[in-house]
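Protein sequences appear in the order of chains R and A. Numbered as in my numbering, the first sequence ends at 371 without a single skipped number. Numbered as in my numbering, the second sequence ends at 371 without a single skipped number. Even for Gly, the Cβ is constructed at its ideal location relative to N, Cα and C. Read through the structure below, which is laid out as structure tokens, and then see the notes.
There are 2 protein chains.
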Amino acid sequence: MSRKTPELSLIGLTGLPEIRTGDDLAALIVEAADSLGLAFRPGDVLVVTQKVVSKAEGRVVSLRDAAPSPLANSWAALLAKDARLVELILREARRIVRMDRGVLLAETQHGFICANAGIDRSNLPDQECAALLPLDPDGSAKAIRDRILALYRVEVGVLISDTFGRPWRTGLTNVAIGVSGLLPLRDYAKIGDDFGRDLKATIIAVADELAAAAELVMGKTERIPAVLIRGYRYPEGEGRASMLLRPPEEDLFR
Amino acid sequence: MSRKTPELSLIGLTGLPEIRTGDDLAALIVEAADSLGLAFRPGDVLVVTQKVVSKAEGRVVSLRDAAPSPLANSWAALLAKDARLVELILREARRIVRMDRGVLLAETQHGFICANAGIDRSNLPDQECAALLPLDPDGSAKAIRDRILALYRVEVGVLISDTFGRPWRTGLTNVAIGVSGLLPLRDYAKIGDDFGRDLKATIIAVADELAAAAELVMGKTERIPAVLIRGYRYPEGEGRASMLLRPPEEDLFR
């Protein structure tokens, strides 16, 4: 194959143990990569799923401790959901976007708009628990990036991914909720197309596309909480997940 | 590296000529793959961008032939858009979802909800032209798949991709608008999570994730209209892009 052929590879980091509160997630990821014989290279992107970050950061809470308020009880009846889960959602949400047909779509404290304020109950050893989003996913990404820099002297980009729905399309896709070491958007307005025409409206959410690509390797049940993406020349700069949020004044679906 | 490590690779098919109406796109893609020394393998996924499909199928139209109706003229003034482009959008749309702040979000004849009913003007040699979506993107995908089957005796999955926006997130990502030879959704409800819990709500739009991953290799200006994805075990079956559309009765944002 020609050396000029653009090629991207995605490698699933298997072999991580079940993550518990207080675990040094970055160290465990580095260890898993090591046992696979993978040495991080400059420009690699590491995508880590939110679930293990939340576990390591103690963001898994017991439903038994979430005594539902009267409001949570009443909404739970309307939505046919567990009232303790609704209580947690209300605590995590800063705005309810829609509440209809069993769906509770909320804006989180970070500004993400997603079902159940990002809370979910899958892949937790204790079925009476729920995982909340990390408090600062950009910070979680940066901590992993800093650890790789310290150990390997290599600068990588790190994304924290989560699985969100879309209003008009069936099924969920992974998006980036934490960003460190790269810009999450690529702006083609500065470049133009192949015929010299301005690409005015073309800003690509590459961080979300990287997260989506990583999901293909992670799956939901295969214990692959981190994926290494090699060969992608990402936009350089210090990005934040908030760059991926549409400002309220441009939001036609509040 | 362990042979059990899940790994995915994406290879950009370079070397295709500028596509014109009537070109045999499937043959040109096969030729490009050949010159790169790539032989298709069973289970490969080929992602082809909508723009070259529209070009080959004669779906590039001249704005000079799109005489704006009085409605198109009036909306064009409101939206600060070219009235001939608005005329084309009105012809392609079966429903306007939002029209506000310079945005014209429409449902296409196929049922896709996207800006400008999927019409765009980038990467066209004649700047007075616009590319409409293919009439039957599933059929376009199937034609390419059939050609590869005929030439290589190999079954691959084929997706046609386009670049759509999202209501609450900045930037566009690639999604699948045409599907042949695979199911676009993976349903984990049948599988359960690692702890035996039902993953009730977890249906992943893998076709959209494959399209998004391919965009990372395509870019917008690098003349890579097709990407080969190798190593992904897609859900088997005969899929259609309409499987990715949320039914109206579940749509909270009409």
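| Check | Outcome |
| --- | --- |
| DSSP on residue 247 (chain R), reduced to helix/strand/coil? | strand |
| Considering only residues of the segment 149 to 233 of chain R, which uninterrupted alpha helix (DSSP H) runs meet the minimum length of 4 residues and lie entirely inside it, listed in chain order? | 167 to 173, 187 to 196, 200 to 209 |
| Distance check for residue 236 (chain A) and residue 188 (chain A), CA to CA, integer angstroms please. | 18 Å |
| Between residue 185 (chain A) and the rest of its own chain, which residues show a CB-CB distance below 8 Å, the 5 nearest in sequence each way excluded? | 193, 200, 201, 203, 204 |
| Establish whether the CB of residue 337 (chain A) and some CB of chain R are separated by less than 8 Å. | yes |
| For a contact meaning CB atoms closer than 7 Å, what does residue 311 (chain A) contact in chain R? | 240, 338, 340 |
| Specify the secondary structure class of residue 147 (chain A) as computed by DSSP and reduced to three states. | helix |
| Going along chain R, which residues have a C-beta under 7 Å from residue 277 (chain A)? | Result: empty, since nearest Cβ-Cβ is about 15 Å, beyond 7 Å. |
| Give me the Cα-Cα distance between residue 251 (chain A) and residue 303 (chain A), rounded to the nearest whole angstrom. | 26 Å |
| Between which residues of its own chain and residue 126 (chain A) is the CB-CB distance below 7 Å, once the five residues before and five after are set aside? | 347, 348 |
| On the three-pair Cβ rule with 8 Å, is the segment 354 to 370 of chain R touching the segment 143 to 155 of chain R? | no |
| Spatial neighbours of residue 428 (chain R) within its chain, please: C-beta separation below 6 Å, excluding the five flanking residues on both sides. | Beyond the ends of chain R as shown, which are 118 and 371, falls residue 428 (chain R); an answer cannot be given. |
| Is DSSP giving residue 124 (chain R) helix, strand or coil here? | strand |
| Within 10 angstroms of the Cβ of residue 283 (chain A), are there 16 or more other Cβ atoms? Answer buried if so, exposed if not. | buried |
| Looking at the unbroken beta strand (DSSP E) that takes in residue 347 (chain R), where does it start and where does it end? | 343 to 347 |
| Please list, in chain order, the chain R residues whose beta carbon lies closer than 7 Å to that of residue 323 (chain A). | 333 |
| Starting from the C-beta of residue 230 (chain A), find all residues in its chain whose C-beta is less than 6 Å away, skip the five residues before and the five after it, and write them out in chain order. | 214, 224 |
| What separation, rounded to the nearest whole angstrom, lies between the Cα atoms of residue 174 (chain A) and residue 277 (chain R)? | 40 Å |
| Return helix, strand or coil for residue 119 (chain R), following the three-state DSSP convention. | Confidence in residue 119 (chain R) is poor, its pLDDT being 46 and thus under 50, which makes the residue's placement unreliable; the coordinate value appears in the next sentence. Three-state result, residue 119 (chain R): coil. |
| To the nearest angstrom, report how far apart residue 120 (chain R) and residue 144 (chain A) are at their CA atoms. | Caution applies to residue 120 (chain R), whose pLDDT of 48 falls short of 50 and renders its modelled position unreliable; the value that the coordinates give is listed next. Each residue's Cα considered, the two are about 23 Å apart. |
| May I have the straight-line CA-CA distance separating residue 279 (chain R) from residue 232 (chain A), to the nearest angstrom? | 25 Å |
| Can you tell me which of R:181, R:179, R:220 puts its alpha carbon nearest to the alpha carbon of residue 197 (chain R)? | R:220 |
| Taking the alpha helix (DSSP H) that residue 323 (chain R) falls in, what are its first and last residues? | 323 to 335 |
| Residues in the same chain with beta-carbon distance under 8 Å from residue 238 (chain R), minus the five sequence neighbours each way, listed in chain order, please. | 202, 244, 246, 247, 248 |
| Please classify residue 166 (chain R): is it buried, with 16 or more other beta-carbons within 10 angstroms of its beta-carbon, or exposed? | buried |
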